[in-house]
Each structure stands twice: as C-alpha cells, then as structure tokens.
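J.: In this note's numbering, the protein residues as written are 59 to 203.
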Amino acid sequence: MKVRYHITASLLVSGLLFWIFKSIPMTLISFISGVLIDVDHLLEYMISPHMKLDIAHFFKFFEKNLTKKAFLFFHSWELLAVLFVICWSSGWDLWIAGLLIGMAQHMILDQIFNPTSAYSYFFIWRMKNNFDFRICFSKAFKAGK
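Shown next, in the form of structure tokens:
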C-alpha cells in the first residue's frame, strides 16, 4: 500500500482514538507507528546491492519488485502478538495500546490491499523460505506490482 494511503488511514484511526480516549500521547503514537512501520522497507533498501541515494529509485525499487529478499522486520504478525501481550500485561497502557493499534491497522491494510498470500506477513514463514521475495510475495511478483 502506498505511503499516502497509510498516512490517511493513520489519521482516521488516530482521530477516532482521540475522540474515544481523549489521549494525545495515544493518538500521536498510533499515527506515528501506523506510518513509520514502513521504515523496514528503508532498511531493506539500504542493504540491497541496488541501493542509490535517490528517492525516486527507492520507490521504484519496491513498486517494480526489484528486491530479492523480504525481511520486513516490523511487518510481522508475530511482533504484533508480542506487542499485544505486552499491552495486556501493562494493563492496556495508552502508549503501548496506541503503538499496537497503529501497527495493527497498517498490517491489516497491507494484508488486504497488497497482493500477498495469507502467510506473507508471518516472519517465521518468511524465514523458513530464506526471506526469498519471489516465494514470500509470489502474488506481488507475478502481478509485477
């Protein structure tokens, strides 16, 4: 999903959270985590042999599936499960809950709108497949998106 859609979705979700909980910290962390979860794409780009200091190339790199590996450390259902347990253990601390909600809405939207398999965002499954983009995101690779 494109960054502008994640920004829009994060604004809507964060606005709803503020309306319900009246918590500025929760609202801010939800928005920030809903957008900045994509920093793992930047990390992947930086370790790629195709990396150039060119923002247009960065976006083309992912739009055209030029990547060979799909680490995506933050795009992980397992990470969300751990974060859920931490949030629950903290008594639903508003900061942690905001982080969880922001990341969860991002992941749900990616799972629905990106051409992925049901397993693409499971870190363990990607690891089992040697983080091979062509296997882990075969629908995206076949679609050329």
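Where is the CB? At the ideal position from N, CA and C, for every residue including glycine.
Please state the DSSP three-state secondary structure of residue 197.
T.: helix
J.: Does the beta-carbon distance from residue 141 to residue 152 come in below 8 Å?
T.: No, Cβ-Cβ distance for residue 141 and residue 152 is not below 8 Å.
J.: Using a Cβ-Cβ cut-off of 8 Å (strictly less than) and excluding sequence neighbours within five positions of residue 183, which residues of its own chain qualify?
T.: 177 and 194
J.: Does the Cβ of residue 63 have 16 or more other Cβ atoms within 10 Å, making it buried, or fewer, making it exposed?
T.: exposed
J.: Mark residue 130 as exposed unless 16 or more other C-beta atoms lie within 10 angstroms of its C-beta, in which case mark it buried.
T.: The residue is buried, with at least 16 neighbouring Cβ atoms inside 10 Å.
J.: Out of 188, 192, 189 and 135, state which residue places its alpha-carbon closest to the alpha-carbon of residue 168.
T.: Closest in alpha carbon position to residue 168, among 188, 192, 189 and 135, is 135.
J.: Tell me, which residues are paired with residue 127 by DSSP?
T.: 190
J.: Just confirm the distance between the C-beta atoms of residue 75 and residue 88, as a whole number of angstroms; I'd bet it's less than 8 Å.
T.: 5 Å
J.: Let me know the secondary structure DSSP gives residue 83 once reduced to three states.
T.: helix
J.: Which of the three DSSP states, helix, strand or coil, is assigned to residue 179?
T.: It is coil, neither helix nor strand.
J.: Checking 8 Å against the spacing of the C-beta atoms, do residue 163 and residue 97 come in under that value?
T.: With a cutoff of 8 Å on beta-carbon distance, residue 163 and residue 97 are scored as not near each other.
J.: Using the beta-carbon count (16 or more within 10 Å), is residue 114 buried or exposed?
T.: Label assigned to residue 114: exposed.
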